[in-house]
Amino acid sequence: MSSSAKGTDCVTKRRPAAVTSNRSPINDLPISKDDIRDVFREEFAAMRQSLVSEFQKTLKDMVKSELRSIREDISALDKSVSFLSKEYDSFKKDWLSYSKSIHDLESQNLELADTVRDLTFRLQAMEINNRSSNLEMQCVPEHKSENLVTTVIQLSKIVGCELRENEIHHCTRVAKLNKEDNRPRSIIIKLSSPRVRDTLLAGVIKFNKSNPTDKLNTSHIGISGDKRPIFVSEHLSPSIKKLHAAARTMAKEKGYKFVWTRNGRVFVRKSENSPFIYIKDKVTIDKLP
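Residue numbers (the UniProt record's numbering): 1 to 289.
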């Protein structure tokens with residue numbers, strides 16, 4: 001065996017080195033990364049679509065439910081508004097009717113007030129006319145055996161206006177308005193005419209002015225005992241008496257110096273130089289300055 005052959009025989013044979021490849025093992029699989037990515041995208045899209053659909057359905061159901069509730073509330077509100085509108089219309093109709101009735105009643109009341117005022121003045125005029133010849137004597141003591149005609153004649157002599165018996169048509173005492181009043185009952189004297197009445201009344205006023213310290217009293221008409229003042233005035237109707245009393249009260253409050261009656265009418269004057277004021281009614285008193 002030759003040496004070259006020997007040399008050749010002695011060379012150790014090595015296993016060929018494995019060839020390194022750049023491909024990943026996964027690349028040898030049937031599904032690639034792109035496929036997985038596509039599958040994932042599809043699943044995610046499907047899931048998202050499902051969630052969106054479910055959310056939309058849920059939202060739609062919620063909206064429907066809320067809208068249904070709102071519609072019911074609106075319907076109930078509409079019914080309430082309709083009811084209130086009808087009630088308002090009914091109330092307005094009634095109010096207009098009542099307002100008209102009140103206006104009519106107020107107008108009637110004003111007319112009735114004017115009528116009452118007119119009738120009151122007419123009645124007062126009749127009462128004044130019926131009393132035009134009358135006088136009223138107050139604070140004359142009562143006696144069982146008294147003769148009122150004689151008493152009146154005696155009074156007329158004292159004041160310088162002597163009356164004849166035929167000029168005295170009637171004399172009587174009248175019942176008290178206040179039964180608890182201790183004063184004697186007043187005497188009503190009906191004379192023959194207003195002229196005779198006015199003459200006697202003027203005599204009484206003149207006598208009292210002429211005798212300021214000894215004005216007309218019980219001693220002048222022959223009644224013994226303590227002297228008690230006697231008052232002679234026109235025979236006023238109850239309504240005029242009240243008006244006269246109210247005028248006297250007002251005169252004290254507002255400083256009016258004179259208050260008097262003449263022919264059944266009440267007059268006031270603030271001072272000697274001021275004009276007189278005819279007191280027609282309580283309204284006139286309230287308006288006095």
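Backbone N, C-alpha and C fix where the C-beta goes; we use that ideal spot for every residue, glycine too. No experiment lies behind these values; they were computed from the predicted model shown.
Contacts around S132, its chain only, beta-carbon distance under 6 Å, and the 5 residues preceding and following it disregarded: As a working note, residue 132 is residue 132 in the sequence shown. Counting only Cβ-Cβ distances below 6 Å, and skipping sequence neighbours, we find P194.
Buried or exposed by the 16-neighbour rule on C-beta atoms within 10 Å, applied to H235: The residue you call residue 235 lines up with position 235 of the sequence shown. Buried, since its Cβ has 16 or more Cβ neighbours within 10 Å.
If we count Cβ pairs, one from each stretch, closer than 8 Å, do we get three or more for the region 148-163 versus the region 98-113? The region 148-163, when compared against the region 98-113, does not touch it at the 8 Å Cβ threshold.
Which runs of the alpha helix (DSSP H) at least 4 residues long sit entirely within the region 99-134? Give them in chain order. DSSP runs (the alpha helix (DSSP H)) wholly in the region 99-134: none.
Using DSSP with H/G/I as helix, E/B as strand and the rest coil, what is L51? For the purposes of this step, residue 51 is taken as the residue at position 51 of the sequence shown. L51 falls in the helix class under three-state DSSP.
So the beta strand (DSSP E) F276 belongs to, where does it begin and stop? Taking the first residue of the sequence shown as 1, we reach residue 276 at position 276. Looking at the DSSP string, F276 is not in any beta strand (DSSP E), and its letter there is neither H nor E.
Going by Cα to Cα distance, which pick from E180, R197, T151, V196 is closest to R173? In the sequence shown, the residue the question calls residue 173 occupies position 173. Out of E180, R197, T151, V196, T151 has the C-alpha closest to the C-alpha of R173.
Just reading off the alpha helix (DSSP H) that R164 is part of, what are its end residues? Mapped onto the sequence shown, residue 164 falls at position 164. Taken as a continuous stretch (DSSP letters only), R164 belongs to no alpha helix (DSSP H), as it is neither H nor E.
What does the Cβ neighbour count give for H103, buried or exposed, with the cut at 16 atoms within 10 Å? Working through the sequence shown from its first residue, we reach residue 103 at position 103. By the 10 Å Cβ count, H103 comes out exposed.
Of the choices V52, K242, K60, whose alpha-carbon is the least far from that of I285? As a first step, residue 285 must be located in the sequence shown, where it is residue number 285. Measuring C-alpha to C-alpha distances from I285 to each of V52, K242, K60 identifies K242 as the nearest.
Just to confirm before moving on: does the CB-CB distance between C139 and I230 stay below 8 Å? Along the sequence shown, one-based indexing puts residue 139 at 139. Along the sequence shown, one-based indexing puts residue 230 at 230. Taking 8 Å as the Cβ cut-off, C139 and I230 qualify as a contacting pair.
How long is the line joining the alpha carbons of K206 and T115, rounded to whole angstroms? Translated into the one-based positions of the sequence shown, residue 206 becomes position 206. Translated into the one-based positions of the sequence shown, residue 115 becomes position 115. K206 and T115 have their C-alpha atoms spaced approximately 41 Å apart.
Go ahead and label M250 buried or exposed: buried means 16 or more other beta carbons lie within 10 angstroms of its beta carbon, across all protein chains shown. Indexing the sequence shown from 1 puts residue 250 at position 250. The Cβ neighbour count for M250, taken over all protein chains shown within 10 Å, is at least 16; the residue is labelled buried.
Option in G225, D226, V232 with minimal Cα separation from L216: Mapped onto the sequence shown, residue 216 falls at position 216. The option with the nearest alpha carbon to L216 is V232.
Status (buried if at least 16 other CB within 10 Å, exposed otherwise) for A245: By 1-based counting over the sequence shown, the position of residue 245 is 245. It counts as exposed.
Helix, strand or coil, according to DSSP, for S233 in the structure here? Taking the sequence shown and counting its residues from 1, one reaches residue 233 at position 233. In the structure shown, S233 adopts extended strand secondary structure according to DSSP, grouped into three states.
Roughly how many angstroms separate the alpha carbons of S41 and V81, rounded to a whole number? For the purposes of this step, residue 41 is taken as residue 41 along the sequence shown, with counting starting at 1. For the purposes of this step, residue 81 is taken as residue 81 along the sequence shown, with counting starting at 1. A small correction: the amino acid at residue 41 is Arg; Ser does not occupy that position in the sequence shown. So the alpha carbons of these two residues sit roughly 57 Å apart.
Nearest-angstrom Cα separation, counted from L135 out to R197: Position 197 of the sequence shown holds residue 197. Position 135 of the sequence shown holds residue 135. In this structure, the straight-line span from the alpha carbon of R197 to that of L135 is close to 7 Å.
List in chain order: all unbroken beta strand (DSSP E) runs of 3+ residues lying wholly within the region 137-214. The region 137-214 contains these whole beta strand (DSSP E) runs: 168-173, 187-191.
Might you give, ordered along the chain, the residues of its own chain that have their beta carbon closer than 6 Å to the beta carbon of F258, omitting 5 neighbours on each side? If you number the sequence shown from 1, residue 258 lands on position 258. Result list for F258: R269, in chain order.
DSSP beta-bridge partners of V39: Position 39 of the sequence shown, counted from the start, is the residue given in the question as residue 39. The partner list for V39 (beta bridge, DSSP) is empty, contrary to what the question assumes.
Which same chain residues, not among the five before or five after S210, have their C-beta less than 8 Å away from its C-beta? Within the sequence shown, the letter at position 210 stands for residue 210. Once the five neighbours on either side are set aside, S210 has no close Cβ partner at all.
Measure the Cβ-Cβ separation of I168 and I189 and say whether it is below 8 Å. Here residue 168 refers to the residue found at position 168 when the sequence shown is read from its first residue. Here residue 189 refers to the residue found at position 189 when the sequence shown is read from its first residue. Yes; because the gap between Cβ atoms is below 8 Å, this pair is in contact.
Using 8 Å for Cβ pairs, my map puts L200 next to L177. What's the rounded Cβ distance? Here residue 200 is taken as the residue at index 200 of the sequence shown, counted from 1. Here residue 177 is taken as the residue at index 177 of the sequence shown, counted from 1. Wrong, their Cβ atoms sit about 25 Å apart, outside the cutoff.
Taking the alpha carbon of E127 as the reference point, which residue from T58, N263, V149 has its own alpha carbon closest? By 1-based counting over the sequence shown, the position of residue 127 is 127. It is N263.
Reduced DSSP secondary structure (H/G/I, E/B, other) of R228: As a first step, residue 228 is located in the sequence shown; it is residue number 228 there, counting from the start. In the structure shown, R228 sits in coil (DSSP, three-state: anything other than H, G, I, E or B).
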